[in-house]
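For reference, the structure is listed below as structure tokens.
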Ligand SMILES: [Mg+2]
């Protein structure tokens, strides 16, 4: 599977970008063959996602730290995990589970103002049909309840909601779901949250209210493919290589070395 395998809707956006790029490139005119367009398109597809990650130094640094921490992470005993077990409502057999972070992943909340990330509704609507969706926030239940009124007012998307009380220390340990780890993926803008199972982690750029943000649209395309594989950890490790980040001097260097 490619790093960024686009759905049809995303393909339209990419094609538009290619068209704009070609319009601006004065040197490329009549000699542009269909072959050269398609090879350029491949590069753009891959670079599009990578460039966004590498342009966010904070996320690169956090990924590096999380990689290091995951190597030193001491797994909590089963008894501790058992105390926080979460039963997923109506989970369909063999269906994969996607655990979504709330703040800066689906919404941006500051000074009592909340902005919902662009494409959030379509993202949740589509995903809830092809997997079991769980909301997992490091915030308190009151905050989660208030935000759910905005993003899931009819309670149709999330099968379960987890909060600070379900965390083990500062970590969202996926063992609390009793789901086979090959079937569960956690999307979070803070890599620290998934150090207990770093190969189940799918990082996303933080949302801070930008109107032109399209990370959820990008992510949906990727997830649609990821949910079809046998073991998500194998695919995520291949794509994001988070386990190897710590071997580099810092996050930026890791991205340059591992992604490009
Ligand atoms: Mg967050």
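In this note's numbering, the protein residues as written are 748 to 1007.
Built from N, CA and C at the ideal position, the CB exists for glycine as well.
Because the structure is a prediction, the values reported are computed rather than measured.
With which residues is residue i paired in a DSSP beta bridge?
i           : result
residue 948 : 933
residue 811 : Answer by DSSP bridge pairing: none, since residue 811 is not bridged.
residue 939 : Answer is none; residue 939 lacks a bridge partner.
residue 899 : DSSP output for residue 899 lists no bridge partner at all.
residue 855 : 862
residue 905 : 880
residue 979 : Answer is none; residue 979 lacks a bridge partner.
residue 959 : Residue 959 is not bridged to any residue.
residue 833 : None, per the DSSP bridge assignment.
Going by the CB atoms, is the gap between residue j and residue i shorter than 8 angstroms?
i            : j           : result
residue 1008 : residue 917 : This structure does not reach residue 1008, given that the chain is present from 748 up to 1007, and the question cannot be answered.
residue 894  : residue 854 : yes
residue 928  : residue 980 : yes
residue 880  : residue 905 : yes
residue 919  : residue 883 : yes
residue 852  : residue 934 : yes
residue 806  : residue 952 : yes
residue 931  : residue 846 : yes
With a threshold of 7 angstroms on Cβ separation, who are the neighbours of residue i within its own chain once the five nearest residues in sequence on each side are excluded?
i           : result
residue 911 : 885, 886, 887
residue 820 : 942, 943
residue 993 : 811, 814, 815, 818
residue 758 : Any reading at residue 758 must be qualified, since the residue scores a pLDDT of 42, below 50, and its modelled position is unreliable; no value is offered.
Less than 7 angstroms separating the Cβ of residue i from some heavy atom of ligand 3?
i           : result
residue 936 : With respect to ligand 3, the structure shown offers nothing to examine, as its ligands consist of ligand 1.
Grab me the residues of residue i's own chain with a C-beta within less than 6 angstroms of its C-beta, minus the 5 sequence neighbours each way, in chain order.
i           : result
residue 995 : 1001, 1004
residue 955 : 855
In chain order, what residues of the same chain lie with their CB nearer than 8 angstroms to the CB of residue i, ignoring the 5 residues before and after it?
i           : result
residue 835 : 844, 879, 881, 906, 907, 924, 926
Can you give the beta carbon distance from residue i to residue j, rounded, assuming they're within the 8 angstroms contact cut?
i           : j           : result
residue 936 : residue 983 : With 8 angstroms as the limit, residue 936 and residue 983 do not qualify as a contact, their Cβ atoms being about 16 angstroms apart.
residue 697 : residue 967 : Given a span of 748 to 1007 for the chain in the structure shown, any question on residue 697 remains unanswerable.
For chain D, find out if any of its Cβ atoms is closer than 8 angstroms to the Cβ of residue i; answer yes or no.
i           : result
residue 986 : Included in the structure is just one protein chain, with no chain D present.
Across the region 805-816 and the region 896-910, are there enough close Cβ pairs to call them in contact, namely three or more that are closer than 8 angstroms? no
The region 961-970 / the region 848-868 touching (three or more Cβ pairs under 8 angstroms): yes
I'd like to know if the region 994-1003 and the region 966-985 are in contact, where contact means that at least 3 CB-CB pairs between them fall below 8 angstroms. no
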